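Visitor: Pasting a structure here, questions to come.
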Amino acid sequence: MKLVESILTRNPCYTAGRKITVKGLMLHSVGCPQPKASAFINSWNSPAHDSSCVHGFIDGNDGTAYQTLPWNHRGWHCGSGSKGSGNNTHIGVEMCEPACIKYTAGSNFTCSNPAEARAVAERTYKTAVELFAMLCKKYSLNPLADGVIISHKEGHSRGIASNHGDPEHLWTQLGMGYTMDTFRKAVKATMGGESSGGSTDGYTKIMGNAVATAEQMKAYIKAKNPDVAQSVLDMVPMYLSEGKAEGVRGDIAFAQSCLETGNFTFSGSAVTLSQNNFCGMGVTSNGVKGNSFDTPQLGIQAQVQHLKAYASTNALKNACIDPRFKYVTRGCAEYVEWLGQKENPAGKGWAAGAGYGEKILAILKGILGTAGGAVSAPAETVSWYRVRKAWEDAKSQKGAFKSLSNAKKCADENPGYSVFDESGKAVYTRAAAFKPYLVRVSIPDLNIRKGPGTDHAKTGKYTNVGTFTIVEEADGEGASKWGLLKSYQKNRNGWISLDFAERV
622 MKLVESILTR
632 NPCYTAGRKI
642 TVKGLMLHSV
652 GCPQPKASAF
662 INSWNSPAHD
672 SSCVHGFIDG
682 NDGTAYQTLP
692 WNHRGWHCGS
702 GSKGSGNNTH
712 IGVEMCEPAC
722 IKYTAGSNFT
732 CSNPAEARAV
742 AERTYKTAVE
752 LFAMLCKKYS
762 LNPLADGVII
772 SHKEGHSRGI
782 ASNHGDPEHL
792 WTQLGMGYTM
802 DTFRKAVKAT
812 MGGESSGGST
822 DGYTKIMGNA
832 VATAEQMKAY
842 IKAKNPDVAQ
852 SVLDMVPMYL
862 SEGKAEGVRG
872 DIAFAQSCLE
882 TGNFTFSGSA
892 VTLSQNNFCG
902 MGVTSNGVKG
912 NSFDTPQLGI
922 QAQVQHLKAY
932 ASTNALKNAC
942 IDPRFKYVTR
952 GCAEYVEWLG
962 QKENPAGKGW
972 AAGAGYGEKI
982 LAILKGILGT
992 AGGAVSAPAE
1002 TVSWYRVRKA
1012 WEDAKSQKGA
1022 FKSLSNAKKC
1032 ADENPGYSVF
1042 DESGKAVYTR
1052 AAAFKPYLVR
1062 VSIPDLNIRK
1072 GPGTDHAKTG
1082 KYTNVGTFTI
1092 VEEADGEGAS
1102 KWGLLKSYQK
1112 NRNGWISLDF
1122 AERV
(Lines of atoms letter the chains of each structure in order from A and count residues from 1; the text may use other names and numbers.)
(Lines give C-alpha, C1' and ligand atoms only; values in the text may rest on other atoms or scores of the structure.)
Protein backbone atom coordinates (compact mmCIF):
# COMPACT_ATOMS: atom_id res chain seq x y z
CA MET A 1 0.00 0.00 0.00
CA LYS A 2 1.21 3.47 -0.92
CA LEU A 3 0.07 6.01 1.69
CA VAL A 4 0.51 9.73 0.96
CA GLU A 5 -0.12 12.42 3.58
CA SER A 6 -2.15 15.23 2.04
CA ILE A 7 -3.78 16.96 4.99
CA LEU A 8 -6.60 19.37 4.16
CA THR A 9 -5.25 22.16 6.36
CA ARG A 10 -7.77 24.71 5.05
CA ASN A 11 -10.84 22.54 5.48
CA PRO A 12 -13.18 23.57 8.35
CA CYS A 13 -12.91 20.11 9.95
CA TYR A 14 -9.16 20.54 10.26
CA THR A 15 -9.18 24.15 11.43
CA ALA A 16 -11.83 23.36 14.07
CA GLY A 17 -9.26 21.06 15.69
CA ARG A 18 -11.78 18.79 17.43
CA LYS A 19 -10.42 15.37 18.43
CA ILE A 20 -12.09 11.97 18.86
CA THR A 21 -11.30 8.75 20.67
CA VAL A 22 -11.13 6.31 17.75
CA LYS A 23 -13.50 3.40 18.34
CA GLY A 24 -14.01 2.25 14.78
CA LEU A 25 -13.57 2.75 11.05
CA MET A 26 -16.22 3.52 8.43
CA LEU A 27 -15.84 2.65 4.75
CA HIS A 28 -17.43 4.89 2.11
CA SER A 29 -17.65 5.11 -1.67
CA VAL A 30 -17.74 8.60 -3.19
CA GLY A 31 -21.05 8.16 -5.05
CA CYS A 32 -19.98 9.74 -8.33
CA PRO A 33 -17.96 8.64 -11.38
CA GLN A 34 -14.61 10.08 -10.34
CA PRO A 35 -11.58 7.77 -9.91
CA LYS A 36 -9.09 10.56 -9.10
CA ALA A 37 -8.55 11.25 -5.40
CA SER A 38 -6.87 14.54 -6.34
CA ALA A 39 -10.19 15.90 -7.62
CA PHE A 40 -11.67 15.66 -4.12
CA ILE A 41 -8.53 16.76 -2.31
CA ASN A 42 -8.23 19.93 -4.39
CA SER A 43 -11.90 20.76 -4.00
CA TRP A 44 -12.19 20.07 -0.27
CA ASN A 45 -9.03 21.90 0.82
CA SER A 46 -10.76 25.25 1.17
CA PRO A 47 -12.33 27.26 3.99
CA ALA A 48 -15.29 27.76 1.68
CA HIS A 49 -15.97 24.02 1.58
CA ASP A 50 -18.88 22.89 3.72
CA SER A 51 -18.47 20.96 6.96
CA SER A 52 -17.81 17.58 5.26
CA CYS A 53 -14.39 15.98 5.41
CA VAL A 54 -13.05 12.43 5.53
CA HIS A 55 -9.79 11.12 6.89
CA GLY A 56 -8.70 9.59 3.62
CA PHE A 57 -9.37 8.89 -0.05
CA ILE A 58 -8.31 5.87 -2.11
CA ASP A 59 -7.47 6.63 -5.73
CA GLY A 60 -9.26 4.41 -8.26
CA ASN A 61 -6.59 4.63 -10.94
CA ASP A 62 -3.58 3.40 -8.98
CA GLY A 63 -4.86 2.44 -5.51
CA THR A 64 -2.86 5.09 -3.66
CA ALA A 65 -4.27 5.99 -0.24
CA TYR A 66 -4.25 9.68 0.71
CA GLN A 67 -4.56 10.76 4.34
CA THR A 68 -6.52 14.02 4.42
CA LEU A 69 -7.08 14.51 8.19
CA PRO A 70 -5.05 13.45 11.21
CA TRP A 71 -6.58 10.11 12.17
CA ASN A 72 -7.82 11.36 15.56
CA HIS A 73 -9.40 14.58 14.23
CA ARG A 74 -13.17 14.70 14.09
CA GLY A 75 -14.31 14.58 10.48
CA TRP A 76 -17.80 14.85 9.04
CA HIS A 77 -18.20 11.89 6.73
CA CYS A 78 -21.43 10.11 7.66
CA GLY A 79 -23.95 12.66 8.87
CA SER A 80 -26.00 11.42 11.82
CA GLY A 81 -28.90 9.18 12.74
CA SER A 82 -31.40 8.49 15.50
CA LYS A 83 -28.65 7.33 17.88
CA GLY A 84 -26.08 10.01 17.22
CA SER A 85 -23.21 10.35 14.79
CA GLY A 86 -20.39 8.02 13.81
CA ASN A 87 -18.30 11.13 13.17
CA ASN A 88 -17.67 11.22 16.93
CA THR A 89 -16.20 7.72 17.05
CA HIS A 90 -15.15 6.50 13.59
CA ILE A 91 -12.43 7.32 11.08
CA GLY A 92 -13.97 7.74 7.61
CA VAL A 93 -12.32 6.68 4.34
CA GLU A 94 -13.75 7.17 0.83
CA MET A 95 -13.03 4.86 -2.11
CA CYS A 96 -13.10 6.62 -5.49
CA GLU A 97 -15.36 5.18 -8.19
CA PRO A 98 -14.94 4.29 -11.89
CA ALA A 99 -15.33 6.97 -14.53
CA CYS A 100 -17.36 4.62 -16.74
CA ILE A 101 -20.44 4.45 -14.51
CA LYS A 102 -23.44 6.76 -14.72
CA TYR A 103 -25.88 7.16 -11.85
CA THR A 104 -29.54 6.98 -12.86
CA ALA A 105 -31.58 7.11 -9.64
CA GLY A 106 -30.42 6.84 -6.05
CA SER A 107 -27.60 4.32 -5.82
CA ASN A 108 -28.44 2.68 -9.17
CA PHE A 109 -26.12 3.19 -12.12
CA THR A 110 -25.31 1.98 -15.60
CA CYS A 111 -21.82 1.02 -16.70
CA SER A 112 -20.25 1.40 -20.13
CA ASN A 113 -17.15 -0.69 -19.38
CA PRO A 114 -17.74 -3.39 -16.73
CA ALA A 115 -14.19 -4.77 -16.94
CA GLU A 116 -12.66 -1.36 -16.26
CA ALA A 117 -15.15 -0.66 -13.47
CA ARG A 118 -14.43 -3.95 -11.73
CA ALA A 119 -10.69 -3.29 -11.95
CA VAL A 120 -11.15 0.05 -10.18
CA ALA A 121 -13.37 -1.53 -7.51
CA GLU A 122 -10.88 -4.34 -6.92
CA ARG A 123 -8.01 -1.85 -6.68
CA THR A 124 -9.72 0.32 -4.08
CA TYR A 125 -10.98 -2.68 -2.11
CA LYS A 126 -7.50 -4.15 -1.74
CA THR A 127 -5.98 -0.84 -0.64
CA ALA A 128 -8.82 -0.30 1.82
CA VAL A 129 -8.11 -3.71 3.35
CA GLU A 130 -4.46 -2.81 3.91
CA LEU A 131 -5.26 0.69 5.20
CA PHE A 132 -7.87 -0.58 7.66
CA ALA A 133 -5.49 -3.32 8.85
CA MET A 134 -2.90 -0.64 9.57
CA LEU A 135 -5.41 1.52 11.46
CA CYS A 136 -6.73 -1.43 13.47
CA LYS A 137 -3.20 -2.15 14.62
CA LYS A 138 -2.56 1.52 15.38
CA TYR A 139 -5.64 1.84 17.59
CA SER A 140 -5.73 -1.75 18.91
CA LEU A 141 -9.07 -2.48 17.23
CA ASN A 142 -10.49 -5.94 16.53
CA PRO A 143 -11.91 -5.75 12.99
CA LEU A 144 -14.32 -8.61 13.70
CA ALA A 145 -15.81 -7.03 16.83
CA ASP A 146 -19.31 -5.59 16.56
CA GLY A 147 -19.40 -2.06 15.18
CA VAL A 148 -15.66 -1.64 14.73
CA ILE A 149 -15.51 -1.77 10.92
CA ILE A 150 -18.74 -0.72 9.24
CA SER A 151 -19.89 0.76 5.96
CA HIS A 152 -21.90 3.96 5.59
CA LYS A 153 -24.90 1.75 4.86
CA GLU A 154 -24.36 -0.25 8.04
CA GLY A 155 -23.85 2.97 9.96
CA HIS A 156 -27.32 4.09 8.89
CA SER A 157 -28.78 0.75 10.01
CA ARG A 158 -27.14 1.26 13.40
CA GLY A 159 -28.63 4.76 13.71
CA ILE A 160 -25.33 6.68 13.56
CA ALA A 161 -25.23 7.77 9.89
CA SER A 162 -27.35 9.29 7.16
CA ASN A 163 -29.24 7.13 4.68
CA HIS A 164 -26.66 5.99 2.14
CA GLY A 165 -26.08 2.64 0.43
CA ASP A 166 -22.33 2.78 -0.04
CA PRO A 167 -20.08 1.02 -0.66
CA GLU A 168 -22.12 -2.20 -0.98
CA HIS A 169 -24.16 -0.75 -3.86
CA LEU A 170 -21.02 -0.52 -6.02
CA TRP A 171 -19.79 -4.03 -5.26
CA THR A 172 -23.21 -5.60 -5.79
CA GLN A 173 -24.05 -3.95 -9.11
CA LEU A 174 -20.59 -4.71 -10.51
CA GLY A 175 -20.88 -8.35 -9.43
CA MET A 176 -17.68 -8.20 -7.38
CA GLY A 177 -18.75 -10.71 -4.75
CA TYR A 178 -17.44 -8.45 -2.00
CA THR A 179 -19.42 -7.84 1.18
CA MET A 180 -18.58 -6.06 4.40
CA ASP A 181 -18.17 -9.47 6.01
CA THR A 182 -15.52 -10.48 3.47
CA PHE A 183 -13.90 -7.07 3.97
CA ARG A 184 -13.68 -7.46 7.75
CA LYS A 185 -12.25 -10.97 7.42
CA ALA A 186 -9.71 -9.76 4.89
CA VAL A 187 -8.60 -7.00 7.26
CA LYS A 188 -8.15 -9.55 10.05
CA ALA A 189 -6.19 -11.84 7.75
CA THR A 190 -3.96 -8.95 6.63
CA MET A 191 -3.23 -8.11 10.25
CA GLY A 192 -1.78 -11.62 10.56
CA GLY A 193 -4.33 -12.79 13.10
CA GLU A 194 -6.86 -15.60 13.04
CA SER A 195 -8.32 -15.07 9.63
CA SER A 196 -11.99 -15.23 10.39
CA GLY A 197 -12.67 -15.95 14.02
CA GLY A 198 -15.37 -18.47 14.79
CA SER A 199 -17.02 -18.05 11.39
CA THR A 200 -14.73 -20.66 9.85
CA ASP A 201 -16.04 -23.47 12.04
CA GLY A 202 -16.56 -26.42 9.71
CA TYR A 203 -14.27 -25.08 6.99
CA THR A 204 -11.70 -27.48 5.55
CA LYS A 205 -8.04 -26.67 6.15
CA ILE A 206 -5.64 -27.43 3.32
CA MET A 207 -2.77 -28.06 5.70
CA GLY A 208 -2.89 -31.29 7.68
CA ASN A 209 -2.91 -35.05 7.32
CA ALA A 210 -4.81 -36.72 4.49
CA VAL A 211 -7.98 -38.59 5.47
CA ALA A 212 -8.52 -40.60 2.28
CA THR A 213 -6.33 -43.59 1.46
CA ALA A 214 -4.60 -44.34 -1.82
CA GLU A 215 -7.03 -47.27 -2.29
CA GLN A 216 -10.00 -44.93 -2.03
CA MET A 217 -8.48 -42.47 -4.47
CA LYS A 218 -7.75 -45.21 -7.00
CA ALA A 219 -11.21 -46.72 -6.64
CA TYR A 220 -12.83 -43.32 -7.07
CA ILE A 221 -10.98 -42.43 -10.26
CA LYS A 222 -11.57 -45.87 -11.78
CA ALA A 223 -15.29 -45.49 -11.12
CA LYS A 224 -15.37 -42.02 -12.68
CA ASN A 225 -13.05 -42.88 -15.58
CA PRO A 226 -12.94 -46.60 -16.40
CA ASP A 227 -10.34 -45.92 -19.10
CA VAL A 228 -7.97 -44.10 -16.76
CA ALA A 229 -4.32 -44.66 -17.71
CA GLN A 230 -2.33 -47.08 -15.56
CA SER A 231 0.31 -44.38 -15.14
CA VAL A 232 -2.29 -42.26 -13.32
CA LEU A 233 -3.13 -45.11 -10.94
CA ASP A 234 0.58 -45.67 -10.30
CA MET A 235 1.13 -42.05 -9.30
CA VAL A 236 -1.81 -41.80 -6.84
CA PRO A 237 0.35 -42.61 -3.76
CA MET A 238 2.61 -39.70 -4.70
CA TYR A 239 -0.16 -37.27 -3.71
CA LEU A 240 -0.01 -38.64 -0.18
CA SER A 241 3.78 -38.78 0.08
CA GLU A 242 4.39 -35.35 -1.46
CA GLY A 243 1.57 -33.87 0.60
CA LYS A 244 2.98 -35.34 3.81
CA ALA A 245 6.40 -33.89 3.02
CA GLU A 246 4.99 -30.35 2.99
CA GLY A 247 2.20 -30.80 5.52
CA VAL A 248 -0.50 -30.47 2.84
CA ARG A 249 -3.47 -32.81 2.64
CA GLY A 250 -2.62 -34.96 -0.36
CA ASP A 251 -6.22 -36.12 -0.76
CA ILE A 252 -7.25 -32.49 -1.30
CA ALA A 253 -4.55 -32.11 -3.96
CA PHE A 254 -5.83 -35.27 -5.68
CA ALA A 255 -9.44 -34.03 -5.57
CA GLN A 256 -8.27 -30.78 -7.15
CA SER A 257 -6.54 -32.75 -9.92
CA CYS A 258 -9.74 -34.66 -10.58
CA LEU A 259 -11.54 -31.35 -11.04
CA GLU A 260 -8.85 -29.73 -13.20
CA THR A 261 -8.35 -32.72 -15.52
CA GLY A 262 -11.93 -33.95 -15.81
CA ASN A 263 -11.10 -37.06 -13.77
CA PHE A 264 -7.90 -37.48 -15.78
CA THR A 265 -9.75 -37.67 -19.10
CA PHE A 266 -8.27 -34.23 -19.89
CA SER A 267 -11.49 -33.51 -21.77
CA GLY A 268 -11.87 -29.75 -22.00
CA SER A 269 -8.61 -29.27 -20.12
CA ALA A 270 -5.89 -26.87 -21.25
CA VAL A 271 -3.19 -29.40 -20.29
CA THR A 272 -2.42 -32.96 -21.39
CA LEU A 273 -1.28 -36.07 -19.57
CA SER A 274 2.18 -35.86 -21.13
CA GLN A 275 2.77 -32.45 -19.50
CA ASN A 276 2.61 -34.01 -16.02
CA ASN A 277 0.61 -30.94 -15.04
CA PHE A 278 -2.48 -32.10 -13.19
CA CYS A 279 -3.78 -28.79 -11.83
CA GLY A 280 -3.77 -26.38 -14.77
CA MET A 281 -0.69 -24.61 -13.43
CA GLY A 282 0.35 -21.72 -15.65
CA VAL A 283 -2.90 -21.70 -17.63
CA THR A 284 -3.50 -18.01 -17.01
CA SER A 285 -5.79 -17.35 -19.97
CA ASN A 286 -7.48 -19.10 -22.89
CA GLY A 287 -4.98 -20.58 -25.32
CA VAL A 288 -2.12 -20.73 -22.83
CA LYS A 289 -0.65 -24.23 -22.67
CA GLY A 290 0.54 -24.12 -19.07
CA ASN A 291 3.64 -25.50 -17.38
CA SER A 292 5.19 -28.90 -18.08
CA PHE A 293 7.21 -31.15 -15.77
CA ASP A 294 9.64 -33.96 -16.52
CA THR A 295 7.93 -36.58 -14.36
CA PRO A 296 4.53 -37.08 -12.68
CA GLN A 297 6.17 -36.78 -9.26
CA LEU A 298 7.59 -33.35 -10.08
CA GLY A 299 4.20 -32.20 -11.34
CA ILE A 300 2.49 -33.34 -8.14
CA GLN A 301 5.23 -31.82 -6.01
CA ALA A 302 4.79 -28.45 -7.74
CA GLN A 303 1.01 -28.63 -7.20
CA VAL A 304 1.44 -29.43 -3.50
CA GLN A 305 3.89 -26.55 -3.13
CA HIS A 306 1.47 -24.20 -4.84
CA LEU A 307 -1.30 -25.25 -2.45
CA LYS A 308 1.04 -24.63 0.46
CA ALA A 309 1.78 -21.15 -0.86
CA TYR A 310 -1.92 -20.33 -0.57
CA ALA A 311 -2.58 -22.17 2.69
CA SER A 312 0.47 -21.34 4.82
CA THR A 313 3.26 -18.87 5.41
CA ASN A 314 5.67 -21.63 6.50
CA ALA A 315 8.76 -22.29 4.42
CA LEU A 316 8.89 -25.21 1.98
CA LYS A 317 10.59 -28.38 3.19
CA ASN A 318 11.85 -29.30 -0.28
CA ALA A 319 13.50 -27.13 -2.91
CA CYS A 320 10.93 -25.02 -4.71
CA ILE A 321 10.07 -26.36 -8.16
CA ASP A 322 6.74 -24.54 -8.40
CA PRO A 323 7.38 -21.90 -11.11
CA ARG A 324 4.48 -19.78 -9.84
CA PHE A 325 5.13 -19.97 -6.11
CA LYS A 326 6.50 -16.41 -6.03
CA TYR A 327 3.28 -14.96 -7.43
CA VAL A 328 1.08 -16.13 -4.54
CA THR A 329 0.20 -13.96 -1.54
CA ARG A 330 1.34 -16.40 1.14
CA GLY A 331 -1.35 -17.71 3.47
CA CYS A 332 -4.25 -15.96 1.72
CA ALA A 333 -6.37 -19.14 1.44
CA GLU A 334 -6.08 -21.26 4.56
CA TYR A 335 -9.20 -23.22 3.67
CA VAL A 336 -10.34 -25.13 0.58
CA GLU A 337 -13.45 -22.94 0.56
CA TRP A 338 -11.22 -19.90 0.00
CA LEU A 339 -9.37 -21.22 -3.07
CA GLY A 340 -11.93 -19.51 -5.28
CA GLN A 341 -11.32 -15.79 -5.69
CA LYS A 342 -15.01 -14.98 -5.38
CA GLU A 343 -15.27 -16.71 -2.01
CA ASN A 344 -11.91 -15.55 -0.68
CA PRO A 345 -12.16 -12.75 1.93
CA ALA A 346 -9.24 -10.92 0.34
CA GLY A 347 -10.41 -11.51 -3.22
CA LYS A 348 -7.43 -13.74 -3.92
CA GLY A 349 -7.31 -17.46 -4.72
CA TRP A 350 -6.36 -20.19 -7.16
CA ALA A 351 -9.29 -19.85 -9.59
CA ALA A 352 -11.68 -17.13 -10.70
CA GLY A 353 -14.71 -19.35 -11.24
CA ALA A 354 -17.51 -19.33 -8.67
CA GLY A 355 -17.63 -22.18 -6.15
CA TYR A 356 -14.17 -23.54 -6.98
CA GLY A 357 -13.46 -24.77 -3.45
CA GLU A 358 -16.91 -26.30 -3.08
CA LYS A 359 -16.36 -28.33 -6.25
CA ILE A 360 -13.13 -29.74 -4.83
CA LEU A 361 -14.89 -30.60 -1.57
CA ALA A 362 -17.70 -32.37 -3.44
CA ILE A 363 -15.09 -34.59 -5.12
CA LEU A 364 -13.31 -35.15 -1.81
CA LYS A 365 -16.58 -36.25 -0.25
CA GLY A 366 -17.03 -38.76 -3.06
CA ILE A 367 -13.52 -40.10 -2.49
CA LEU A 368 -14.07 -40.46 1.25
CA GLY A 369 -17.33 -42.28 0.57
CA THR A 370 -15.54 -44.91 -1.53
CA ALA A 371 -14.72 -48.28 0.02
CA GLY A 372 -11.15 -48.78 1.18
CA GLY A 373 -10.87 -46.04 3.77
CA ALA A 374 -8.84 -46.32 6.95
CA VAL A 375 -10.71 -47.52 10.00
CA SER A 376 -10.09 -44.21 11.71
CA ALA A 377 -11.44 -42.14 8.83
CA PRO A 378 -14.36 -40.05 10.05
CA ALA A 379 -17.71 -41.01 8.59
CA GLU A 380 -20.22 -38.31 7.86
CA THR A 381 -23.60 -39.33 9.20
CA VAL A 382 -25.49 -36.05 9.00
CA SER A 383 -26.95 -34.71 5.75
CA TRP A 384 -27.35 -30.97 5.34
CA TYR A 385 -29.64 -28.94 3.12
CA ARG A 386 -28.31 -25.55 2.06
CA VAL A 387 -30.42 -22.57 1.04
CA ARG A 388 -28.77 -20.49 -1.70
CA LYS A 389 -29.55 -18.55 -4.84
CA ALA A 390 -27.46 -21.06 -6.80
CA TRP A 391 -25.29 -23.96 -5.67
CA GLU A 392 -22.10 -22.31 -6.93
CA ASP A 393 -23.00 -19.04 -5.18
CA ALA A 394 -21.79 -20.05 -1.70
CA LYS A 395 -21.80 -16.44 -0.52
CA SER A 396 -25.57 -16.19 -0.92
CA GLN A 397 -26.19 -19.02 1.54
CA LYS A 398 -28.91 -18.20 4.08
CA GLY A 399 -28.34 -21.28 6.19
CA ALA A 400 -27.68 -25.03 6.39
CA PHE A 401 -30.39 -27.27 7.85
CA LYS A 402 -30.64 -30.90 8.92
CA SER A 403 -34.39 -30.69 8.38
CA LEU A 404 -35.64 -30.40 4.80
CA SER A 405 -38.86 -28.79 5.98
CA ASN A 406 -36.93 -26.06 7.79
CA ALA A 407 -34.78 -25.50 4.71
CA LYS A 408 -37.92 -25.17 2.56
CA LYS A 409 -39.34 -22.65 5.01
CA CYS A 410 -36.16 -20.58 4.76
CA ALA A 411 -36.32 -20.68 0.94
CA ASP A 412 -39.96 -19.58 1.01
CA GLU A 413 -38.98 -16.59 3.12
CA ASN A 414 -36.28 -15.58 0.64
CA PRO A 415 -37.56 -15.16 -2.94
CA GLY A 416 -35.11 -16.40 -5.54
CA TYR A 417 -33.55 -19.00 -3.23
CA SER A 418 -33.61 -22.80 -3.54
CA VAL A 419 -32.79 -25.77 -1.33
CA PHE A 420 -29.78 -27.86 -2.40
CA ASP A 421 -28.66 -31.25 -1.14
CA GLU A 422 -25.01 -32.03 -0.50
CA SER A 423 -24.37 -33.01 -4.11
CA GLY A 424 -25.47 -29.56 -5.26
CA LYS A 425 -28.80 -30.73 -6.65
CA ALA A 426 -31.75 -28.36 -6.21
CA VAL A 427 -34.40 -30.29 -4.32
CA TYR A 428 -36.84 -27.44 -3.78
CA THR A 429 -37.54 -24.10 -5.40
CA ARG A 430 -40.45 -21.91 -4.49
CA ALA A 431 -42.74 -21.54 -7.43
CA ALA A 432 -43.24 -17.92 -8.35
CA ALA A 433 -45.06 -16.50 -11.33
CA PHE A 434 -42.84 -14.08 -13.19
CA LYS A 435 -44.61 -11.11 -14.72
CA PRO A 436 -43.00 -9.86 -17.96
CA TYR A 437 -42.21 -6.15 -18.06
CA LEU A 438 -40.88 -3.53 -20.45
CA VAL A 439 -37.45 -1.93 -20.40
CA ARG A 440 -36.04 0.96 -22.36
CA VAL A 441 -32.50 0.69 -23.78
CA SER A 442 -30.85 4.00 -24.60
CA ILE A 443 -27.57 2.76 -26.09
CA PRO A 444 -27.26 1.35 -29.63
CA ASP A 445 -24.72 -1.39 -28.94
CA LEU A 446 -26.01 -3.40 -25.97
CA ASN A 447 -24.79 -6.96 -26.53
CA ILE A 448 -27.23 -9.86 -26.60
CA ARG A 449 -25.70 -12.98 -25.06
CA LYS A 450 -26.65 -16.64 -25.32
CA GLY A 451 -26.87 -16.98 -21.55
CA PRO A 452 -27.16 -14.78 -18.46
CA GLY A 453 -23.60 -13.57 -17.91
CA THR A 454 -20.46 -12.26 -19.59
CA ASP A 455 -19.13 -15.81 -19.36
CA HIS A 456 -21.67 -16.74 -22.06
CA ALA A 457 -20.99 -16.13 -25.74
CA LYS A 458 -22.33 -13.10 -27.58
CA THR A 459 -24.96 -13.72 -30.27
CA GLY A 460 -23.32 -11.08 -32.43
CA LYS A 461 -26.47 -8.97 -32.34
CA TYR A 462 -27.37 -5.78 -30.46
CA THR A 463 -30.65 -4.46 -29.12
CA ASN A 464 -30.26 -1.00 -30.64
CA VAL A 465 -32.18 1.83 -28.96
CA GLY A 466 -35.76 0.95 -28.10
CA THR A 467 -38.26 -0.70 -25.76
CA PHE A 468 -38.16 -4.46 -25.13
CA THR A 469 -40.07 -7.07 -23.13
CA ILE A 470 -38.23 -9.02 -20.44
CA VAL A 471 -39.76 -12.45 -19.74
CA GLU A 472 -37.26 -13.84 -17.24
CA GLU A 473 -34.51 -12.63 -14.92
CA ALA A 474 -31.33 -14.40 -13.78
CA ASP A 475 -28.12 -13.73 -11.91
CA GLY A 476 -24.83 -13.95 -13.78
CA GLU A 477 -21.31 -12.62 -14.28
CA GLY A 478 -20.83 -8.98 -15.20
CA ALA A 479 -24.17 -7.49 -14.17
CA SER A 480 -26.37 -7.13 -11.13
CA LYS A 481 -29.17 -8.86 -13.09
CA TRP A 482 -29.73 -10.30 -16.58
CA GLY A 483 -32.98 -10.27 -18.55
CA LEU A 484 -34.27 -12.68 -21.23
CA LEU A 485 -35.71 -10.93 -24.28
CA LYS A 486 -39.18 -12.04 -25.35
CA SER A 487 -38.09 -12.69 -28.93
CA TYR A 488 -35.59 -15.26 -27.62
CA GLN A 489 -37.97 -16.88 -25.13
CA LYS A 490 -38.40 -20.17 -26.96
CA ASN A 491 -34.74 -21.19 -26.85
CA ARG A 492 -33.79 -18.94 -23.90
CA ASN A 493 -30.70 -17.77 -25.78
CA GLY A 494 -31.01 -13.99 -25.83
CA TRP A 495 -30.02 -12.17 -22.62
CA ILE A 496 -29.13 -8.54 -21.90
CA SER A 497 -27.59 -6.79 -18.91
CA LEU A 498 -30.36 -4.97 -17.08
CA ASP A 499 -27.81 -2.52 -15.75
CA PHE A 500 -28.07 -0.79 -19.10
CA ALA A 501 -31.87 -0.86 -19.27
CA GLU A 502 -34.47 1.27 -17.54
CA ARG A 503 -37.73 -0.33 -16.47
CA VAL A 504 -40.82 1.43 -17.89
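Using the numbering used here, read the sequence shown as starting at 622 and increasing by one per residue.
Beta carbons are placed, not taken as given, at the ideal position from N, Cα and C, and that holds for glycine.
Every value quoted in this text rests on a predicted model; they were computed, and no experiment measured them.
What residues are listed by DSSP as bridge partners for F730?
Guide: Y724
Visitor: Which stretch, first to last residue, makes up the beta strand (DSSP E) that contains A1104?
Guide: Note that residue 1104 is Gly in the sequence shown here, rather than Ala. Taken as a continuous stretch (DSSP letters only), the beta strand (DSSP E) holding G1104 covers 1100-1106.
Visitor: In terms of alpha-carbon separation, which member of A1028, K986, L1067, P1065 lies closest to S1044?
Guide: K986
Visitor: A766 by DSSP, collapsed to three states: which one?
Guide: coil
Visitor: Would you list, in sequence order, the uninterrupted alpha helix (DSSP H) runs of no fewer than 4 residues that lie entirely inside the segment 910-935?
Guide: If we require 4 residues or more, the alpha helix (DSSP H) runs fully inside the segment 910-935 come out as 917-932.
Visitor: Nearest-angstrom Cα distance between G868 and I842?
Guide: 24 Å
Visitor: Short of 8 Å in beta carbon distance, which residues of its chain neighbour V675, apart from the five on each side in sequence? Order them along the chain.
Guide: H649, T689, L690, G696, H698, G713, V714, E715
Visitor: Roughly how many angstroms separate the alpha carbons of P917 and N897, rounded to a whole number?
Guide: 5 Å
Visitor: Using a Cβ-Cβ cutoff of less than 8 Å, which residues in the same chain neighbour L1059 once the five nearest sequence positions on both sides are dropped?
Guide: T1088, F1089, T1090, I1091, R1124, V1125
Visitor: Name the one or two DSSP bridge partners that A1122 has.
Guide: A1122 is bridged by DSSP to V1062.
Visitor: At the level of alpha carbons, what is the spacing between Y824 and R1007?
Guide: 15 Å
Visitor: Where does the unbroken alpha helix (DSSP H) through G978 begin, and where does it stop?
Guide: Bounds of the alpha helix (DSSP H) holding G978 are 977-989.
Visitor: Ignore the nearest five residues each way along the sequence and tell me which others in L894's own chain have a CB closer than 7 Å to its CB.
Guide: A850, F887
Visitor: Distance, Cα to Cα, G901 vs P735?
Guide: 27 Å
Visitor: According to DSSP, simplified to helix, strand and coil, what is M828?
Guide: strand
Visitor: Return the chain-ordered list of same chain residues with a C-beta closer than 6 Å to the C-beta of T1050, the five sequence neighbours on each side being excluded.
Guide: S1039
Visitor: Nearest-angstrom Cα distance between V741 and M838?
Guide: 43 Å
Visitor: For S1126, report the span of its beta strand (DSSP E) as first-last.
Guide: A question about residue 1126 goes unanswered here, because the residues of the chain that appear run from 622 up to 1125.
Visitor: The alpha helix (DSSP H) that contains I873, what's its start and end?
Guide: 871-882
Visitor: Pop quiz: K758 and H694 are said to be a contact at Cβ under 8 Å. What is the actual Cβ separation, rounded to whole angstroms?
Guide: With 8 Å as the limit, K758 and H694 do not qualify as a contact, their Cβ atoms being about 19 Å apart.
Visitor: So, at 6 Å on beta carbons, what are the nonlocal neighbours of K657 in its own chain, with the 5 sequence-adjacent residues on each side left out?
Guide: Cβ neighbours of K657 beyond the five flanking positions: none.
Visitor: Tell me whether the beta-carbon of Q794 lies closer than 9 Å to the beta-carbon of C732.
Guide: yes
Visitor: Which of helix, strand or coil does DSSP assign to M716?
Guide: strand
Visitor: Measure the alpha-carbon distance for E1013 versus R1070 and round it to whole angstroms.
Guide: 21 Å
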